[in-house]
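> Okay, here's the structure, questions in a sec.
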Amino acid sequence: MVVSAATQPPATYLLWKRFNFPTDKGSQDAVAVPNWVANQLNATYSTIIALMMVHFWSIVVGLIVYFYLRKHKWQPHLLHPLAPTLWNKRSDLIDSMIETFTFVNGNWRHLWVCGLLILILAAWVGQTAMGILVPPLIILGNAAPVDPTAIFVPDYSKQDESAVSARFALEVPGALRSLGSAQVANEDLRSKVSVGQTIILGKTPGSKGGEEIIQINYGYQVTGADIGLQKFPELTLTVTGSCRTEYSWFNQTDNFTVSGPNGDNPAVVDNYFWVFPGDPDRTENEETASVFDALQPVGKFRQGTSTKGMLDDSNATWSVIVSSVGRKSYSPGSDPWYATDNTNVVKPGRPALSCWEDDVWSYKDRNSSITALTNEALPGLSLSEGMQEILVERLGVPIIAELGRRLQPSALLSSTTANDQIFDAQSSSIHNDLERLVVAAYVATTNVLTDTTLYPLGSKVDNAARSETSQIKDGVADFVVWSPDVSALSIKVLIIIPTVFVGIWILAAILLYYTPVGVANALDSNNMHDELTKQFNDAKVKWTNDGAVWELRPGGNKPEEVEAKTASAQSDTNDQAGKKSGVNEEINSAPPTPGIDIDDKV
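Residue numbers for the sequence shown follow UniProt numbering, beginning at 1 and rising by one.
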């Protein structure tokens, strides 16, 4: 699922450029255009489809008329009265249905009428469906190829304080965008991640029954299409993780007295040890939690070491120590992170959260880790070295821990309920905090490439996307960015629809004008009108109780006069023929005149 966390500036993408539009089923040949152009083309192609169906229906009706006339020895008077109507209404299927219903008038004795109605209805449904379903296939989505000059990847090779601080300032806005999308996530977005229900593993030892030890599992999946990879949209990242509370990381609580303008106030500081696999030395991993960290509850995130997971180096650890001790609540809390005492103040000794995350990359049924996105590990995958470097730098560690580190006080959902130092402990929980972070991690992962185009200008950090000669590295720009102002048009559909239209138009022209099927044109109202006025040059129309009718009077004569004049004309013709015959006989019987040719004289 594509999640746009920010509006894409026009300077970050290229228009009128051919590219590969990524989908879960593979890349599609496309071209990027402004939205208004896409809308105009969509309307134009709807018209083309309507015209295409008109020509197709003309072929169908023409063939029906042709075969019917051929069967009845080309006698048009045997045609059904509906035939001329359907032929002249062939551009409007609704009118064709209405005329057929009008003719039936409740009499369904003829089964062919039902078949005709079904045929017309099927053609109308096909025309309507194509007009609705086909044009949207033109627009694949709101994407365009990235402008290579807009790509900026912070250089992570420098680890001095100045470089780390500068990179941190660049990374925070992206983290906030992801968190904002998670905060207002709809059901579709939330369905892309899986955060299981809280599992109670047991309780800690204690005279009052101890506190709950809980576990929460999470996971999500991101494809190359979600990220925007043009060439390998089927590449898939599957994230599987789990977190559980760790009370053994807590060391002790120190009590202090803080002097203030209103007198002395008690304060507590909880002491913890970060514990990671393969790192038994606790003394170098100390951490504290107190009201001195922030007025509201905050989480302190840290990445751990890598361990064996599904693959040798696919599993990574990360942890959170919550600083909620001493915060006041206007409601009682029972969650391990926000459990309060009788005065609604969070108790000391809140547990840490220890997590592991297994990140597995897959391509065509082969699996690999982030460090081996190569053709050797994943046959068929040919990511450029520049693209591999970007993915390793940005997704080589659990992104959820990176988000927590960058978000600082905003990382925990409980902080949004805080009013100064007072928050709502009753509605706060580890599950809610983790769920929002997992959704934010999903959003950040899908935007891992588009975020490279959204860094502010003028940064002092080197751009790792450029080579030593300041040229964009090969393959770094093989992705798309998403914007509601652009549309990606399918070149295949753009070509197929006009091609099919031209093919049907040519077929209709050949059949109806250069083959015997063209006899159907005799039913055209224009042709019939021309022929009628030629035969009856003084014809008139008038309105009767039965509607409009033609009054046919050849040569301007009344019908009875026509019969009389026709008989008289026939008599005159016979007389003239007799006279001519007598003259010929007289000439032939006369003696020949010298020097005169009888035939010439006649």
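Just so you know, even glycine gets a beta-carbon here, dropped at the ideal spot from N, CA and C.
Could you give the uninterrupted runs of the beta strand (DSSP E) lying entirely in the segment 282–339, keeping only those of 3 residues or more?
If we require 3 residues or more, the beta strand (DSSP E) runs fully inside the segment 282–339 come out as 286–290, 298–307 and 315–323.
> Is the distance from the Cβ of V360 to the Cβ of T238 below 8 Å?
A contact, by the Cβ cut-off of 8 Å.
> Given this structure, state the Cα-to-Cα distance separating V502 from K73, to the nearest angstrom.
Distance between the alpha carbons of V502 and K73 is about 33 Å.
> Straight-line CA distance for W36 to A43?
Rounded to the nearest angstrom, the two C-alpha atoms are 11 Å apart.
> Which residue marks the beginning of the alpha helix (DSSP H) containing I510, and which one marks its end?
Where I510 is concerned, the enclosing alpha helix (DSSP H) stretches over I491 to Y514.
> Grouping DSSP H, G and I as helix and E and B as strand, with all else coil, what is Y272?
Note: Y272 maps to strand in three-state DSSP.
> Would you list, in sequence order, the uninterrupted beta strand (DSSP E) runs of no fewer than 3 residues that lie entirely inside the segment 204–259?
You should have 212–223 and 236–246.
> May I have the straight-line CA-CA distance separating V346 from R244, to the nearest angstrom?
Taking the straight line from one Cα to the other gives about 20 Å.
> According to the neighbour-count rule (16 or more other Cβ atoms, all chains shown, within 10 Å of its Cβ), is F292 buried or exposed?
F292 should be labelled exposed.
> Closer than 8 Å is the cut-off here; do at least three beta carbon pairs connect the segment 523–541 with the segment 91–98?
The answer is no - the segment 91–98 does not touch the segment 523–541, with fewer than three Cβ pairs under 8 Å.
> At the level of alpha carbons, what is the spacing between T47 and L41?
Their backbone Cα atoms lie some 10 Å apart in a straight line.
> Among S525, G518, A548 and K534, whose alpha-carbon lies nearest the alpha-carbon of L69?
For L69, the nearest C-alpha among the options comes from G518.
> Who are the Cβ neighbours of T371 in its own chain at under 8 Å, not counting the five residues just before and after it?
So the list reads D313, V392 and G396, once near-sequence residues are dropped.
> Note down, one range per segment and in chain order, each beta strand (DSSP E) of at least 3 residues found wholly within the segment 450–486.
Taking only runs of at least 3 residues, the beta strand (DSSP E) segments lying wholly in the segment 450–486 are 480–482.
> With DSSP run on the structure shown, which of helix, strand or coil describes D375?
Reading off the sequence, residue 375 comes out as Asn, not Asp. N375: coil per DSSP, three-state reduction.
> Within the chosen definition, does the segment 447–454 reach the segment 2–16 through at least 3 CB pairs nearer than 8 Å?
The segment 447–454 vs the segment 2–16: in contact.
> To the nearest angstrom, report how far apart A520 and I132 are at their CA atoms.
In a straight line, the C-alpha of A520 is about 31 Å away from that of I132.
> To the nearest angstrom, how far is the alpha carbon of N20 from that of L434?
Approximately 36 Å, taken between the alpha carbons.
> Cα-Cα, which of Y247, F250 and S429 is closest to A339?
Out of Y247, F250 and S429, S429 has the C-alpha closest to the C-alpha of A339.
> At what residue ranges does the segment 82–163 contain a whole run of the alpha helix (DSSP H), taking only runs of 4 or more?
Correct list: 82–88, 93–104 and 111–133.
> According to DSSP, is P76 part of a helix, a strand, or is it coil?
Helix, per DSSP.
> When you compare the segment 412–425 with the segment 187–207, are there three or more beta-carbon pairs, one atom per stretch, that lie closer than 8 Å?
They do not touch, by the three-pair rule.
> Excluding sequence positions up to five away, which residues of its chain have a Cβ less than 7 Å from the Cβ of L507?
Here the set comprises I59.
> State the beta-bridge partners of P34 as determined by DSSP.
Per DSSP, V486.
> Is there contact between the segment 458–466 and the segment 151–158, where contact requires at least three CB pairs shorter than 8 Å?
Because the criterion of three Cβ pairs below 8 Å is met, the segment 458–466 and the segment 151–158 touch.
> When you compare the CB positions of P22 and G224, do they come within less than 8 Å of one another, or not?
In contact: P22 and G224 (Cβ atoms closer than 8 Å).
> With hydrogens ignored, establish whether the beta-carbon of V397 is closer than 7 Å to any heavy atom of the ligand MN.
As for the ligand MN, it is missing from this structure, which has no ligand bound.
> Residues in its own chain within less than 6 Å of E586 by CB, not counting five upstream and five downstream?
With a pLDDT of only 42 at E586, under the threshold of 50, the placement of this residue in the model should not be trusted; the figure read from the coordinates follows. Cβ within range, chain order: n/a, list empty.
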